[in-house]
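Presented below is the structure to which this report refers.
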Amino acid sequence: MTSRRQGSPPIPSAATTVRGERKLENADKQEGYHRVERSYGSFARRFTLPSTVEMGNVTAQSHDGVLRIFLPKKAETKPRQIKVQTDSSLGGQGMGRTVPIA
77 MTSRRQGSPP IPSAATTVRG ERKLENADKQ EGYHRVERSY GSFARRFTLP
127 STVEMGNVTA QSHDGVLRIF LPKKAETKPR QIKVQTDSSL GGQGMGRTVP
177 IA
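Sequential numbering from 77 applies to the sequence shown in the working numbering.
Okay, here's the thing in C-alpha cells:
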C-alpha cells in the first residue's frame, strides 16, 4: 500500500487556502487472483487566520502525509505602568494641581 499527498502551502493572507492531491494504491496479490484498489482526488481547505498571527514568519512542514503549519503570534505591546501621585503623597501641596503623566 502506498499513500502519497502532494500540496504546496500558499503565501499566507487573512483568508488562507491549503490545496493538495491524494493518491492511494492498494495491491493484493494472492494465489488465483490479483486485486488493485486506487483512490485519488484533490482537496482544498480554506480558513481565516486571526489578526494576532505574524504573517511574515508562517512556515509549513510535510512529513508522512501530515501537513503542519506553524503560525507564530505577533509580539504584543507590553503594558506600561504609570505611577500617579495622589494629594496625600504630595504632602497637601498638590491640591488643584495637574500631575503630568509621561
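Yeah, the Cβ is synthetic: ideal placement off N, Cα and C, and Gly gets one too.
Bear in mind that the values here come from a model prediction, so they are computed numbers and not experimental data.
- Proximity of the region 144 to 153 to the region 121 to 130 meets the contact definition, three or more beta-carbon pairs being nearer than 8 Å.
- The DSSP assignment places complete beta strand (DSSP E) segments of no fewer than 3 residues inside the region 91 to 115 at 91 to 106, in order along the chain.
- The beta carbon of leucine 147 lies closer than 7 Å to those of Leu125, Val129, Val134 in the same chain, with the five residues before and after it left out.
- Apart from the 5 residues on each side of it in sequence, arginine 144 sits with its Cβ closer than 8 Å to the Cβ of Ala136, Gln137, Ser138 in its chain, given in chain order.
- Only exposed fits threonine 162, as fewer than 16 other CB atoms lie within 10 angstroms of its CB.
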